[in-house]
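Only one structure is covered here, and it is reproduced in the block below.
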Amino acid sequence: MANIQEYSRNRTDSKIAKIVVDRDLCIGAASCIAVAGATFELDGENKAIVIKPDGMNAADDDTLMLAAQSCPTKAILLYDKEGKQLFP
Amino acid sequence: MESYDYLIIGGGAAGTAAAETIRQTDQSGSVAIVSDEIHPLYSRVMLSKPNFFLGKIPFDTVFMKGEQWYAENRVAFLGGKSATALDGAKKVVTLSDGTELQYGKLLLALGVSARQWTVAGAGRYGVHYLRTLDQAKGIIDHIKTAKKAIIIGGGFIGFEMADMLRLAGLEVTMILRERYFWEPLLDEPSGRMVEAALVKGGVAIIREMEVAEVLGGDAVSGVRLKDGRELSCDMIMCGIGVYSPIDWLEHSGIQHAHGIIADEYLATSIPDVWTAGDVAEYRDILLDEMLESGNWVNAREQGRVAALNMMGQRTKFSFVSFYTTVGMGITITFVDDVRPGPDRIVIPRGSPELGSYVRMLIVGKELVGATLINRTNEMSSISKLIDHNVDVSEKHKELGDPNFDLKSLITN
Chain A
3 MANIQEYSRN RTDSKIAKIV VDRDLCIGAA SCIAVAGATF ELDGENKAIV
53 IKPDGMNAAD DDTLMLAAQS CPTKAILLYD KEGKQLFP
Chain B
9 MESYDYLIIG GGAAGTAAAE TIRQTDQSGS VAIVSDEIHP LYSRVMLSKP
59 NFFLGKIPFD TVFMKGEQWY AENRVAFLGG KSATALDGAK KVVTLSDGTE
109 LQYGKLLLAL GVSARQWTVA GAGRYGVHYL RTLDQAKGII DHIKTAKKAI
159 IIGGGFIGFE MADMLRLAGL EVTMILRERY FWEPLLDEPS GRMVEAALVK
209 GGVAIIREME VAEVLGGDAV SGVRLKDGRE LSCDMIMCGI GVYSPIDWLE
259 HSGIQHAHGI IADEYLATSI PDVWTAGDVA EYRDILLDEM LESGNWVNAR
309 EQGRVAALNM MGQRTKFSFV SFYTTVGMGI TITFVDDVRP GPDRIVIPRG
359 SPELGSYVRM LIVGKELVGA TLINRTNEMS SISKLIDHNV DVSEKHKELG
409 DPNFDLKSLI TN
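So the protein sequences, as listed, match chains A and B. Using this note's numbering, the first residue of the first sequence is number 3, and each one after it goes up by one. Using this note's numbering, the first residue of the second sequence is number 9, and each one after it goes up by one.
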């Protein structure tokens, strides 16, 4: 069973409807925080989480895509409204 | 002679990010990546992670780009070759197979190489380094049969390999030349916290000691220390630092020190030649210091900025770098510049007794870096304080209070 954390997003200017962090893959390299510091932070277990309460809506699609692409373990997955995987 | 508008030497995080960035803007310019490895871009970060070594993550997860990415983006991948000469006047790079390539713009994203251990017997089978995917494969293979490992050097590699080797069931001894783990980048209390975690995890530590000779036949059977003691082992992991592979640039006249010298635009001293990633020794505009940063995020970001400048933009590289690692129940984080120096004021926050301990390094009125043990959740705040050049000269007391919320000091 994959250990994943899902965050729904509701920005009208956005194609990305859901951010998923795979906690098994995440190694806390923090590249997502470097790219999208308003969205991601590390928790006490050194895993990426989305900042409460509204981090999931803080970044535009380009920034989120860059953050996901920068992850050295591909632990961030992005989905559109239809549930189609946009990355990776 | 073959010619490329954009020639990139180095197929790692920086070089590939540069190619990616060029293609986002320039669809027609020709792009080539020369790599001394044959693999498409893979995650060097993953190479030292236990989950990867122990097969908990599928091996292929390590690849960040498939071969089709290079084809689809019309990026020529010249793998298994290294550069051997640069003529900046003629704008020609010579490769190890004798090929000469003409370039319009050149990026040197060479990375750094693992420093080789020069002690007698270090060439025996079973002495490992960890920098490339092929080296990682060799270690993955060896831990299946090895029983006793010795780790040379205390740093990220030593720490992460200790964790991995213990999880793989090996007996592990770490040999440090210094008085404590990661001297002098960590202070003694921080280093002792890491040591306590290592010891609790079953790692024996020998301090202020060096190996005189690696014993064995073809394969390693042990080491003799400088004090005469002999320890048996069938595997040795060397994590003794890195060097910049820039010998081949000697005749080019490029300005270099430890790495290749670059300005804040990542331009080198030769026209139309840029540098990015671990090998770049650049002027950091946030710290106003010359800095080399060896990590994935930094390399990617430098590759992106160098590419923008190669395409004629004027973008300064400005970035607070950090790195974090977890293992043996302890988390170590470095933020930006953690080099010790007489000009640094160090403010401790928390304490080893409390189980979480931060050192904030200040030069003048501003933070320049920090080391964090078990306090990763403050990494973002500290990075922002550095990024925003916040004047903390009147706030030393607050910085030192572990209950004070650092976020409240961040200005926009």
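Think of the CB as a built atom: it goes at the ideal place given N, C-alpha and C, for glycine as much as any other residue.
Residue i versus residue j - alpha carbon distance
| i | j | result |
| --- | --- | --- |
| threonine 419 of chain B | leucine 407 of chain B | 15 Å |
| valine 39 of chain B | alanine 144 of chain B | 29 Å |
| serine 364 of chain B | alanine 117 of chain B | 37 Å |
| leucine 115 of chain B | cysteine 246 of chain B | 30 Å |
| serine 51 of chain B | arginine 25 of chain A | 17 Å |
| methionine 298 of chain B | arginine 357 of chain B | 27 Å |
| methionine 3 of chain A | alanine 77 of chain A | In this predicted model, methionine 3 of chain A has a pLDDT of only 48, less than 50, meaning its place in the structure is not dependable enough to derive any value. |
| alanine 91 of chain B | lysine 373 of chain B | 44 Å |
| glutamine 124 of chain B | glycine 349 of chain B | 27 Å |
| glycine 57 of chain A | alanine 40 of chain A | 6 Å |
| leucine 68 of chain A | alanine 25 of chain B | 11 Å |
| glycine 112 of chain B | methionine 319 of chain B | 10 Å |
| serine 121 of chain B | serine 252 of chain B | 6 Å |
| glutamate 309 of chain B | lysine 57 of chain B | 22 Å |
| lysine 89 of chain B | arginine 139 of chain B | 17 Å |
| valine 222 of chain B | serine 416 of chain B | 54 Å |
| serine 198 of chain B | proline 360 of chain B | 7 Å |
| glutamine 7 of chain A | isoleucine 51 of chain A | 8 Å |
| valine 400 of chain B | isoleucine 355 of chain B | 11 Å |
| isoleucine 41 of chain B | leucine 55 of chain B | 22 Å |
| alanine 307 of chain B | arginine 322 of chain B | 19 Å |
| glycine 18 of chain B | tyrosine 78 of chain B | 14 Å |
| glutamine 263 of chain B | lysine 49 of chain A | 40 Å |
| alanine 130 of chain B | tyrosine 81 of chain A | 50 Å |
| phenylalanine 342 of chain B | lysine 54 of chain A | 24 Å |
Within chain A, the residues that residue i reaches when beta carbons sit closer than 8 Å
| i | result |
| --- | --- |
| arginine 308 of chain B | Ser33 and Ser72 |
| isoleucine 65 of chain B | Asp26, Leu27 and Thr75 |
| lysine 145 of chain B | Per Cβ cutoff of 8 Å: no residues; lysine 145 of chain B is ~18 Å from chain A at best. |
| methionine 54 of chain B | Ile29, Pro74 and Thr75 |
Neighbouring residues, chain B, relative to residue i (Cβ below 7 Å)
| i | result |
| --- | --- |
| threonine 14 of chain A | Within chain B, no residue comes near threonine 14 of chain A; the closest Cβ sits about 25 Å away, beyond 7 Å. |
| asparagine 48 of chain A | Thr332, Val334, Thr339 and Thr384 |
Per DSSP, the bridge partner or partners of residue i
| i | result |
| --- | --- |
| leucine 175 of chain B | Per DSSP, none; premise fails for leucine 175 of chain B. |
| valine 202 of chain B | The partner list for valine 202 of chain B (beta bridge, DSSP) is empty, contrary to what the question assumes. |
| tryptophan 282 of chain B | B:Leu115 and B:Ala275 |
| arginine 357 of chain B | B:Val366 |
| alanine 270 of chain B | B:Tyr290 |
| phenylalanine 330 of chain B | B:Val343 |
| leucine 79 of chain A | A:Val22 |
| arginine 383 of chain B | According to DSSP, arginine 383 of chain B bridges with nothing at all. |
| valine 305 of chain B | None, per the DSSP bridge assignment. |
| threonine 102 of chain B | B:Ala93 and B:Glu108 |
| phenylalanine 42 of chain A | A:Val52 |
| lysine 156 of chain B | B:Glu179 |
| isoleucine 394 of chain B | According to DSSP, which records beta bridges pairwise, isoleucine 394 of chain B is partnered with nothing at all. |
| valine 222 of chain B | B:Val231 |
| valine 135 of chain B | B:Ile244 |
| alanine 315 of chain B | According to DSSP, alanine 315 of chain B bridges with nothing at all. |
| valine 83 of chain B | B:Val39 |
Interface residues of chain A facing residue i [CB-CB closer than 7 Å]
| i | result |
| --- | --- |
| tryptophan 125 of chain B | What tryptophan 125 of chain B touches in chain A: nothing, since even the nearest Cβ is about 27 Å away. |
| serine 51 of chain B | Pro74 and Thr75 |
| lysine 57 of chain B | Ile29 |
| tryptophan 77 of chain B | Here the premise fails: no neighbours, minimum Cβ distance about 11 Å. |
| tryptophan 304 of chain B | Ala31, Ser33 and Pro74 |
Residue i CB to nearest heavy atom of the ligand MG below 7 Å
| i | result |
| --- | --- |
| alanine 38 of chain A | Of ligands this structure carries none, so the ligand MG is not represented either. |
Closer than 9 Å at the beta carbon, the chain A residues around residue i
| i | result |
| --- | --- |
| methionine 387 of chain B | Ala32, Ile35, Glu43 and Leu44 |
| threonine 69 of chain B | Leu27, Thr75 and Lys76 |
9 Å Cβ cut-off: residues of chain B touching residue i
| i | result |
| --- | --- |
| asparagine 5 of chain A | Neighbours of asparagine 5 of chain A on chain B: none; closest Cβ ~12 Å, over 9 Å. |
| glycine 39 of chain A | Ser388, Ser391, Lys392 and Asp395 |
Contact belief for residue i with residue j at Cβ below 8 Å, rounded distance in angstroms
| i | j | result |
| --- | --- | --- |
| alanine 265 of chain B | glutamate 289 of chain B | 6 Å |
| methionine 201 of chain B | isoleucine 381 of chain B | 5 Å |
| glycine 267 of chain B | valine 287 of chain B | 5 Å |
| alanine 38 of chain A | threonine 65 of chain A | 5 Å |
| alanine 284 of chain B | alanine 27 of chain B | So it is not a contact: roughly 11 Å between Cβ atoms. |
| threonine 332 of chain B | glycine 30 of chain A | 5 Å |
Within 8 Å, do at least three Cβ pairs link the stretch 181 to 188 of chain B to the stretch 334 to 345 of chain B?
no
For the stretch 321 to 329 of chain B and the stretch 279 to 294 of chain B, state whether three or more C-beta atom pairs, one from each stretch, are separated by less than 8 Å.
yes
Would you say the stretch 166 to 181 of chain B touches the stretch 269 to 276 of chain B, given that touching needs at least three Cβ pairs under 8 Å?
They do not touch, by the three-pair rule.
Check whether the stretch 92 to 102 of chain B touches the stretch 57 to 66 of chain B, counting contact only when three or more Cβ pairs, one atom from each stretch, lie closer than 8 Å.
Taking one beta carbon from each stretch, the stretch 92 to 102 of chain B and the stretch 57 to 66 of chain B have fewer than 3 pairs nearer than 8 Å; the two do not touch.
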